[in-house]
Ligand code: HMG
Ligand code: MG
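Residue numbers (our numbering): -9 to 296.
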């Protein structure tokens, strides 16, 4: 399929949630607010700012209420929160959150490890969250994890992902983010996945969330763009991972995604230099080396003046 002309892509920045939830260091809310503010200054418009999950399960996300209380309100920016259940949703509503993301998995083993319940139970939780969120006029996005493989049980059938996505869409979520949690997917598997999902859900309601463990994320995004997907999740400096997905590394780096889109002439609204500076800020705060290949190359170029 030919790449459509003049397309624009919406980026969902998950660095402050997916990016920080798997780090050894738990950053204070003030540093997380600085990170999010720099990212918004760089042009990102949808940013997952924290998670109202159990602090016993993910201590790094404790203090998300403080993050939300300190975030600058900007009409053009949507600060969103990850919630696993009604309790998390109520905590998000209490700090004025206008959009939440809830999550389910296409693998029973991962569902149990990550949320202590079966897929069927998690779908009931999602329905409860959607009903309550709608009453509060809050938008709901849903992640489906393990769409191209499970860290515990391996291959996942794309038709199973499509069936779960169809149920979620009928429940009333506005977008379904397809999560390659482990990062084992390839472009061919991505195309098969989108084709299966698009039979049951409008492609405009699908987003891609690719972890880059096998360095396939950019290739998978390209395949997904060709298949008509126009929303992608990414993480500044390639931070990220799920504490319940052993061996998985970070999300696709936002810097790498922006560089790809620039090369394709696709609009995205993000300033790459400001993004790279933000990556340096968060890497310094975490004591991390730069993981975005694009940021590394451009920083080296600036240093040598080449
Ligand atoms: P549970 O232990 O079964 O919960 O955990 P419970 O309902 O039995 O309650 C037990 C205790 O947890 C109670 O406290 C509750 O109040 C508390 P206690 O009475 O014992 O003091 N609790 C909560 N506390 C704070 N916030 C809440 C909440 N709910 C209950 N929302 C639960 C079930 C879902 C809560 C737990 O398993 C959990 O928090 N899991 C989240 C795991 C997680 O955050 N994983 C990473 C995010 S998902 C991801 O990374 C994938 C994604 O990026 C896409 C991809 O890459 O594929 C999105
Ligand atoms: Mg993830």
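Virtual Cβ for every residue (Gly too), placed ideally from N, Cα, C.
Out of the options, which has the shortest C-alpha to C-alpha gap to residue i?
i           : options               : result
residue 1   : 275, 284, 247 and 255 : 247
residue 147 : 56, 79, 99 and 182    : 182
residue 213 : 227, 197, 228 and 226 : 197
residue 224 : 202, 164, 234 and 218 : 202
residue 150 : 58, 132 and 190       : 190
residue 19  : 43, 82 and 59         : 59
residue 66  : 282, 259 and 168      : 259
residue 11  : 217, 41, 173 and 28   : 41
residue 36  : 256, 244 and 294      : 244
residue 61  : 187, 131 and 29       : 29
residue 39  : 290, 141, 293 and 3   : 3
residue 172 : 282, 32, 234 and 25   : 234
residue 122 : 161, 140 and 175      : 161
When DSSP labels each residue in this structure, what does residue i get in the three-state scheme?
i           : result
residue 268 : helix
residue 294 : helix
residue 223 : strand
residue 35  : coil
residue 202 : coil
residue -9  : Low confidence applies here, because residue -9 scores a pLDDT of 48, under 50, leaving its location unreliable and the question unanswered by this model.
residue 1   : strand
residue 262 : helix
residue 229 : coil
residue 41  : strand
residue 287 : helix
Would you mind sorting residue i into buried or exposed? The rule is 16 or more other CB atoms within 10 Å of its CB.
i           : result
residue 64  : exposed
residue -9  : With a pLDDT of only 48 at residue -9, under 50, the local geometry of the prediction cannot be trusted, and the value read off the model is given with reservation. So residue -9 ends up on the exposed side.
residue 254 : exposed
residue 143 : exposed
residue 164 : exposed
residue -2  : exposed
residue 284 : buried
residue 74  : buried
residue 263 : exposed
Under DSSP, the alpha helix (DSSP H) around residue i begins and ends at which residues?
i           : result
residue 257 : Note, residue 257: premise wrong, no alpha helix (DSSP H); not H, not E.
residue 178 : 177 to 188
residue 155 : 148 to 161
residue 81  : 76 to 84
Tell me which residue opens and which closes the beta strand (DSSP E) that residue i is part of.
i           : result
residue 129 : 129 to 135
residue 14  : Note, residue 14: premise wrong, no beta strand (DSSP E); not H, not E.
residue 280 : That residue, residue 280, is in no beta strand (DSSP E); it is neither H nor E in DSSP.
residue 6   : Unbroken run through residue 6: none, as it is neither H nor E.
Kindly identify the DSSP beta-bridge partner or partners of residue i.
i           : result
residue 143 : Residue 143 pairs with nothing; no bridge assigned.
residue 58  : None; residue 58 has no bridge partner.
residue 166 : 132 and 196
residue 93  : 133
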